[in-house]
Amino acid sequence: MPELPEVETVRRIVEPALLGRRIEGVTLRDFAGVLESAIPGVDPVATLPGQSFAATNRRGKYLLLRLDSGLTLIVHLRMTGRLLLTPTAAPLVRFEHLAIRLDDGNDLRFSDQRKFGRVVLASDAGVALLDSRLGPEPGSPRLTAASLHAALKRRPGKIKNALLDQSLIAGLGNIYVDEALYRSRIHPERVANTLTQPECVSLLRAVRHVIRTALDNQGTTFSTFENPYGEAGGNAVFLRAYGRAGLPCLRCGTPMVRIVVAGRGTTFCPTCQPLDGPMPPS
DNA sequence: CATTACCTGCAA
DNA sequence: TTGCAGGTAATG
25 MPELPEVETV RRIVEPALLG RRIEGVTLRD FAGVLESAIP GVDPVATLPG
75 QSFAATNRRG KYLLLRLDSG LTLIVHLRMT GRLLLTPTAA PLVRFEHLAI
125 RLDDGNDLRF SDQRKFGRVV LASDAGVALL DSRLGPEPGS PRLTAASLHA
175 ALKRRPGKIK NALLDQSLIA GLGNIYVDEA LYRSRIHPER VANTLTQPEC
225 VSLLRAVRHV IRTALDNQGT TFSTFENPYG EAGGNAVFLR AYGRAGLPCL
275 RCGTPMVRIV VAGRGTTFCP TCQPLDGPMP PS
């Protein structure tokens with residue numbers, strides 16, 4: 025489940041491999057829908073060859089590969105998408121739907137066993153539109169406990185739903201939302217607009233901690249995530265909530281509970297994360 | 001606001 | 001054989 029740390033891990037690896045490289049050819053296989061155009065009348069397969077990679081950026085869970093023409097390939101891995109750097113000579117394997125041939129003997133390939141991920145060719149206007157739909161990055165100085173508190177005040181739904189909303193904060197997904205709520209001792213079903221200012225301070229600190237830790241460990245590989253060289257991330261051993269249903273809470277020993285919130289499997293500690301708010305001092 | 005569709009490998 | 005995994009768009 026690639027979230028911000030996984031996508032940023034991918035970006036940091038592909039950047040040195042792509043900058044200055046020229047696209048020599050584009051191959052689409054059975055699932056041609058993986059490559060889309062957001063520009064009417066522009067066919068990516070015809071347009072991409074000859075263009076070179078000029079910059080890489082990331083916004084939330086979107087990877088932005090900017091070309092010297094000013095166009096950008098917007099990549100979203102969704103759940104099982106992978107961006108791979110592979111020698112051109114290596115045969116395309118199952119699930120590799122798109123191969124972008126570079127001028128150094130390597131391919132940039134997009135693999136996805138579930139056909140949810142996309143690579144979209146967009147103009148600067150398309151990138152700006154995407155940017156406008158997303159909230160601040162977790163590390164942005166524009167995001168403060170006060171701004172988070174104010175935004176949550178307008179949210180009558182559950183805090184987990186709010187944190188999964190990319191227009192509130194960009195880049196969080198199921199894993200890091202559960203981790204951040206566990207660290208800040210907030211029940212995932214707490215009504216967002218009831219969070220106190222101190223809870224928002226704690227929650228934002230927790231969000232930044234779990235994202236930074238995952239980045240430091242090149243992302244979480246729970247089942248499928250791999251970086252562009254096929255290597256797993258090292259953050260799974262640092263997870264304290266996600267995937268631990270039925271196991272003892274690492275703080276108090278209470279068995280962790282699994283519920284469904286926002287249609288997602290959600291793991292939390294019923295003792296450390298009470299629905300009625302912060303625990304009174306003991 | 002919440003829930004479902006999309007998709008398919010895999011565990012139970 | 002069934003249902004779970006989940007990011008996002010679409011739907012209720």
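Counting with the numbering used here, you get residues 25 to 306 for the letters of the first sequence. Even glycine gets a Cβ: it sits at the ideal position worked out from N, Cα and C. As the structure is a computational prediction, the values presented were derived from the model and not from experiment.
Counting every other CB atom within 10 Å of its CB across the protein chains shown gives S191 a total below 16, marking it as exposed. The C-beta distance from I63 to A152 rounds to 13 Å, too long to fall under 8 Å, and the pair is not in contact. Annotation: Y200 to T110 spans about 30 Å, alpha carbon to alpha carbon.
The three-state reading of DSSP puts D202 in helix, counting H, G and I together. Under the DSSP assignment, N185 falls in the alpha helix (DSSP H) whose first and last residues are I183 to L188. The closest CA to that of L89, considering only E223, R268, R46 and E161, is found on R46. Three or more Cβ pairs drawn from the region 98-109 and the region 247-255 lie within less than 8 Å of each other, which places the two stretches in contact. Contact between the region 232-240 and the region 25-43 is established, with three or more Cβ pairs separated by less than 8 Å. Annotation: T278 is outside any alpha helix (DSSP H) and is labelled neither H nor E by DSSP.
For L239, the enclosing alpha helix (DSSP H) has its first and last residue at Q221 to D240.
The beta-bridge partner set that DSSP reports for L91 consists of F77. R142: member of the beta strand (DSSP E) spanning R142 to A146, first to last residue. Taking all protein chains shown into account, R207 has 16 or more neighbouring C-beta atoms within 10 Å of its C-beta and is therefore buried.
Restricting attention to C276, T80 and N185, the CA atom closest to the CA of V99 is found in T80. Rounded to the nearest whole angstrom, the CA to CA distance from G287 to D155 is 26 Å. D67 sits away from H121, with the two beta carbons spaced by 8 Å or more. Here T112 carries a coil assignment [DSSP, helix/strand/coil]. Between L176 and A186, the CB-CB gap stays under 8 Å. Between the beta-carbon of E48 and that of R125 there is about 5 Å, and that keeps the pair under the 8 Å contact cut. The straight-line gap separating the alpha-carbon atoms of N198 and Q75 is approximately 36 Å.
Judged by DSSP in its simplified three-state form, S135 adopts strand. In this structure, the straight-line span from the alpha carbon of A230 to that of G257 is close to 20 Å. The straight-line gap separating the alpha-carbon atoms of G159 and A113 is approximately 41 Å.
Note that the C-beta distance between G84 and G195 is below 8 Å. Contact between R264 and E203 is confirmed by a C-beta separation of about 6 Å, below the 8 Å threshold.
Residue environment: P115 is assigned as exposed (fewer than 16 neighbouring CB atoms within 10 Å of its CB, all protein chains considered). A residue is called buried once 16 or more other Cβ atoms fall within 10 Å of its Cβ, and D136 is buried on that count. Between the C-alpha atoms of T51 and F246 there is a straight-line separation of about 30 Å.
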